[in-house]
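Visitor: Chains as they are written, first to last, in this note's numbering: chain A, 32 to 290; chain B, 5 to 376.
Note that CB positions come from ideal geometry on N, CA and C, so glycine has one too.
Quick one: the structure is below, and I'll ask about it shortly.
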Amino acid sequence: MSRGVIEVRGIVNRFGMQVVHDGLDMDVFEGEVFGIVGGSGSGKSVLMRTILGLQRPAAGTVKLYGRDITTLSEQELRHVKRGYGVTFQHGALFSSLTVRQNIELPMAEFFQLDKATLDGLAALKVAMVGLPAEALDKYPAQLSGGMIKRAALARSLALDPKLLFLDEPTAGLDPIAAAGFDELLLDLQRNLELTVVMVTHDLDTIFRTCNRVGVIVERRMTSDTVEGIVANPQPWIREYFHGPRARAATQAGAADRGA
Amino acid sequence: MFLDPHQQGGVVTLRVSGRWLIENLAAIELELGRLDGIQAQTLVIDTTGLEELDLSGAWALFERVRRFEQAGLKAEWRGRTPDQIRFIEHTLTVSKRPVAAAEVGLDLAEPVRSLGRWAVTQAASAKISLAFLGRICSVLGSAFTSPKRVRLAALVRHVIETGMHAVPIVSLIAFLISVIIAYMGANELRRFGAEIFVVDLVTIGVLRELGVLLTAIIVAGRSGSAFAAEIGVMKLNEEVDALHAIGTNPVEVLVIPRVLGLVIALPLLTVIADAVGLTGGGLLCYYLLDIPPAQYLARVQESIAPTTFWVGIIKAPVFAFLIAYIGTLRGMQVRESSRELGRLTTVAVVQSIFLVILADALFAVLFLELDI
């Protein structure tokens with residue numbers, strides 16, 4: 032098996048009396064696409080925030096590339112944060128900046144680069160995510176939902192991370208745009224040798240892109256390959272992958288994989 | 005340390021080595037810059053010594069090689085072309101060649117054009133403001149025939165928020181200002197033995213001008229900005245569109261309660277400010293000038309004309325309308341970004357204070373002409 036990139040052991044997260052995670056384990060290996068699945072309120076976003084170092088867990092360890100980020104200082108954490116890219120559910124593009132400025136912001140923040148280099152890199156990132164060059168000088172409010180997701184992906188790739196976190200990358204997109212995003216993600220993941228962790232509800236995206244899936248049930252995580260998780264007998268997981276909305280996607284996914 | 009160029013006749017060999025990563029990009033660009041002006045026919049890029057390469061490093065190399073190729077050199081890669089270079093080549097050729105940021109050149113027509121744009125924007129903005137005023141008036145007018153169009157619950161909430169919650173700060177400011185006036189006046193008037201006129205100064209000053217003006221300015225800062233920000237965030241969240249879609253009139257739901265609420269609250273606040281101001285003046289007279297409260301009150305009665313109080317209070321609803329109108333108008337103009345929200349909130353406060361003072365000046369002229 033390839034190298035472990037993320038190693039989460041025994042995470043406990045609680046808000047007041049409410050326990051969200053209780054001894055949750057999770058492993059992500061280099062070069063895979065890992066999907067995090069769970070019901071509403073099961074703590075998917077909290078888990079992601081914990082791994083990103085935006086929130087310290089009450090107990091447990093989170094290792095990114097072998098370093099336990101729960102014990103790092105703010106300064107060290109800043110260095111870790113440089114090494115991954117994140118897209119948020121609603122894009123979280125800075126609304127007062129153009130797409131170009133959004134992409135250049137992290138680069139200019141960390142490195143002393145001249146304007147021509149920044150512009151060139153921004154243009155490359157925009158082309159990479161399949162946006163037209165005209166999008167560079169537009170403001171987020173002038174972009175469609177699909178373009179915002181792509182622009183957010185371009186910004187998350189600004190510092191050439193090897194690890195990418197995506198929160199609901201296809202939520203709110205029409206099926207064609209969502210499928211387009213899936214293909215783009217796969218293409219970039221192969222070419223840039225990315226490790227991708229995504230929180231998603233989109234079964235089509237899971238079947239198309241994920242190598243392995245982790246399901247949060249009862250405050251812990253069950254992870255397996257996509258085929259393995261579909262065959263899992265746990266009631267909630269069965270319901271999730273065999274419910275009325277899941278069947279079509281399962282069949283389409285099987286057909287995709289067969290092809 | 006990243007580049008080692010060798011020239012042999014018409015062939016330049018570039019030995020690329022080290023870690024070509026984004027954190028080293030500034031240094032890499034510097035070394036690449038030294039290649040400018042090399043004269044050769046063939047460029048050989050030797051990447052066998054390369055330790056690490058990320059996309060940004062690859063882009064820097066790719067760009068430089070491309071520029072040499074455009075200058076007529078033949079580029080050859082020794083060993084395997086790195087995958088990243090292939091990927092960039094593919095990306096940039098599949099998509100249309102990305103345009104660089106528009107060059108800003110000297111353009112003499114630009115000042116004229118920007119003046120024209122400014123004028124058009126101003127005219128459009130004036131039109132929008134007038135239309136908004138019209139919409140408020142039409143809803144208010146129709147409220148006479150169908151009183152249900154005034155949302156009572158919202159109206160009461162705004163009276164409480166803009167009025168009652170402002171009582172402490174308005175009282176404090178009114179108290180301090182009247183004390184300051186009385187103190188300054190006492191110092192000057194004592195020289196003429198005319199201390200008793202301090203009472204006239206405070207009474208007329210507070211009742212006619214300062215009570216209402218200071219209250220209006222405080223309320224403009226407090227509530228004018230709150231109106232703009234509240235409605236602005238609702239615009240950004242598409243809540244205003246949702247109101248439209250439900251079939252309600254946003255002016256009726258959001259603007260009228262705020263306007264009427266403030267029109268009710270500001271005169272009441274002014275009465276409180278007047279009272280606290282007179283009390284403050286009285287306290288200072290008692291402690292500094294030994295004027296007993298009974299004499300102070302008698303002097304207050306003597307110094308005011310029947311209209312003095314009303315001259316002040318009549319301005320309050322007008323100021324209130326201006327503040328609420330500007331605040332809600334600017335809130336409704338927020339579009340697209342959070343920066344707009346901040347800008348328009350600032351504009352709302354500055355403009356409403358300006359309009360309040362302007363209106364006060366007009367009132368002064370009016371009252372002078374009316375001889376009251």
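Cβ of Glu224 of chain A within 8 Å of Cβ of Gly62 of chain A?
Guide: Against a cut-off of 8 Å, the Cβ pair of Gly62 of chain A and Glu224 of chain A comes out as a contact.
Visitor: So which residues on chain B does Met159 of chain A lean against when the C-beta distance must stay under 7 Å?
Guide: The contacting residues are Thr95.
Visitor: Would you decide whether Gly145 of chain B is buried or exposed? Buried here means 16 or more other CB atoms lie within 10 Å of its CB.
Guide: Label assigned to Gly145 of chain B: exposed.
Visitor: For Ala363 of chain B, collect the residues of the same chain with a Cβ closer than 8 Å to its Cβ; drop the 5 residues on either side in sequence, then sort them by chain order.
Guide: So the qualifying residues of the chain are Lys319, Val322, Phe323 and Leu326.
Visitor: Does the beta-carbon of Val124 of chain B have 16 or more other beta-carbons within 10 angstroms, so that it is buried, or is it exposed?
Guide: That one is exposed.
Visitor: How is Gly35 of chain A classed by DSSP in three states: helix, strand or coil?
Guide: Gly35 of chain A: strand per DSSP, three-state reduction.
Visitor: Just to make sure I have the definition right: I need the residues of chain A whose C-beta is within less than 7 Å of the C-beta of Glu67 of chain B. Which are they?
Guide: Going along chain A in sequence order, the residues near Glu67 of chain B (Cβ under 7 Å) are Gly151.
Visitor: Closer than 9 Å, Cβ to Cβ, to anything on chain B: give me those residues from the region 45–65 of chain A, in chain order.
Guide: Correct list: empty, as no residue qualifies.
Visitor: For Val103 of chain B and Ala139 of chain A, I'd like the C-alpha separation in whole angstroms.
Guide: The predicted position of Val103 of chain B is uncertain, since its pLDDT is 47 and thus under 50; no value can be drawn from it.
Visitor: Can you pull the chain A neighbours of Trp63 of chain B, defined as C-beta to C-beta under 8 Å?
Guide: The answer, in chain order, is Gly151, Leu152 and Leu155.
Visitor: Give the interface partners of Arg343 of chain B over in chain A, defined as CB-CB distance under 8 Å, in chain order.
Guide: Chain A residues near Arg343 of chain B: Ser126 and Ser127.
Visitor: Let me know the secondary structure DSSP gives Gln49 of chain A once reduced to three states.
Guide: Reduced to three states, the DSSP call for Gln49 of chain A is strand.
Visitor: Taking the DSSP output, what are the residues bridged to Tyr115 of chain A?
Guide: Note: Tyr115 of chain A sits in a beta bridge opposite A:Leu194.
Visitor: Can you pull out the residues from the region 219–233 of chain A whose beta carbon lies closer than 8 Å to at least one beta carbon of chain B?
Guide: Those residues of the region 219–233 of chain A that come within reach of chain B (Cβ to Cβ, closer than 8 Å) are Asn222 and Leu223.
Visitor: Using three-state DSSP, classify Arg23 of chain B as helix, strand or coil.
Guide: Strand.
Visitor: Taking C-alpha atoms, which residue in A:Ala89, A:Leu83 and A:Val64 lies nearest to Arg45 of chain A?
Guide: Selected option, being the one with the closest Cα: A:Ala89.
Visitor: Count the other CB atoms within 10 Å of the CB of Arg101 of chain B; is the residue buried (16 or more) or exposed (fewer)?
Guide: Confidence is the limiting factor: at Arg101 of chain B the pLDDT is only 49, short of 50, which leaves the residue's position unreliable and the question unanswerable from this model.
Visitor: Pick out the complete beta strand (DSSP E) segments inside the region 163–245 of chain A, 3 residues or longer, and give them in chain order.
Guide: Taking only runs of at least 3 residues, the beta strand (DSSP E) segments lying wholly in the region 163–245 of chain A are 194–198 and 226–230.
Visitor: Can you tell me whether DSSP reads Arg90 of chain A as helix, strand or coil?
Guide: Going by the sequence as given, residue 90 of chain A is Ala instead of Arg. Looking at Ala90 of chain A - three-state DSSP - the assignment turns out to be strand.
Visitor: By DSSP's criteria, His10 of chain B is part of a beta bridge. Which residues make up the other side?
Guide: Partner(s): B:Thr17.
Visitor: Just the Cα atoms here: how many angstroms apart are Gln45 of chain B and Pro163 of chain A?
Guide: Those two C-alpha atoms are separated by around 35 Å.
Visitor: Going by beta-carbon coordinates alone, are Gly91 of chain A and Val43 of chain A separated by less than 8 Å?
Guide: Contact: yes.
Visitor: If you count every other CB in all the chains shown that lies within 10 Å of the CB of Gly18 of chain A, and 16 or more means buried, which is it?
Guide: Nothing in the structure corresponds to residue 18 of chain A, since chain A is present only between 32 and 290.
Visitor: Using a Cβ-Cβ cutoff of less than 8 Å, which residues in the same chain neighbour Ile222 of chain B once the five nearest sequence positions on both sides are dropped?
Guide: Closer than 8 Å at Cβ, skipping near neighbours: Ala170, Ile173, Val174 and Ile177.
Visitor: Checking the sheet assignment: what are the DSSP bridge partners for Ala64 of chain A?
Guide: A quick correction: the sequence has Val, not Ala, at residue 64 of chain A. DSSP output for Val64 of chain A lists A:Val227 as bridge partner(s).
Visitor: So, at 7 Å on beta carbons, what are the nonlocal neighbours of Leu193 of chain B in its own chain, with the 5 sequence-adjacent residues on each side left out?
Guide: Hits under 7 Å: Glu199, Phe201 and Val202.
Visitor: Find the residues of chain A that neighbour Ala30 of chain B, judging by a C-beta separation of less than 7 Å, and give them in chain order.
Guide: Neighbours of Ala30 of chain B on chain A, chain order: Phe142, Gln143 and Leu144.
Visitor: Pick out whichever of B:Ile89, B:Met336, B:Asp204 and B:Thr252 has its Cα sitting closest to the Cα of Arg303 of chain B.
Guide: Taking only the C-alpha atoms, the option nearest Arg303 of chain B is B:Asp204.
Visitor: Is the beta carbon of Arg186 of chain A closer than 8 Å to that of Asp53 of chain A?
Guide: For Asp53 of chain A and Arg186 of chain A, no; Cβs fall outside 8 Å.
Visitor: Cβ of Leu190 of chain A less than 8 Å from any chain B Cβ?
Guide: Cβ-Cβ to chain B under 8 Å: yes for Leu190 of chain A.
Visitor: Is the separation between the beta-carbon of Tyr271 of chain A and that of Ala262 of chain A shorter than 8 Å?
Guide: Not a contact, by the Cβ cut-off of 8 Å.
Visitor: Identify the residues that DSSP records as bridge partners of Arg226 of chain B: which are they?
Guide: Answer is none; Arg226 of chain B lacks a bridge partner.
Visitor: At the 8 Å Cβ level, is Ala105 of chain B part of the contact set with chain A, yes or no?
Guide: Here Ala105 of chain B scores only 47 on pLDDT, less than 50, and its place in the model is too uncertain to base an answer on.
Visitor: If we define contact as Cβ-Cβ less than 8 Å, is Thr148 of chain A a contact residue for chain E?
Guide: This model lacks chain E altogether; the protein chains it does include are A and B.
Visitor: Can you tell me which of the three DSSP states Ile134 of chain A falls into?
Guide: Helix at Ile134 of chain A.
Visitor: Can you list, in chain order, the residues of its chain whose CB lies under 7 Å from that of Arg87 of chain A, leaving out five sequence neighbours each side?
Guide: Contacts found: Thr101.
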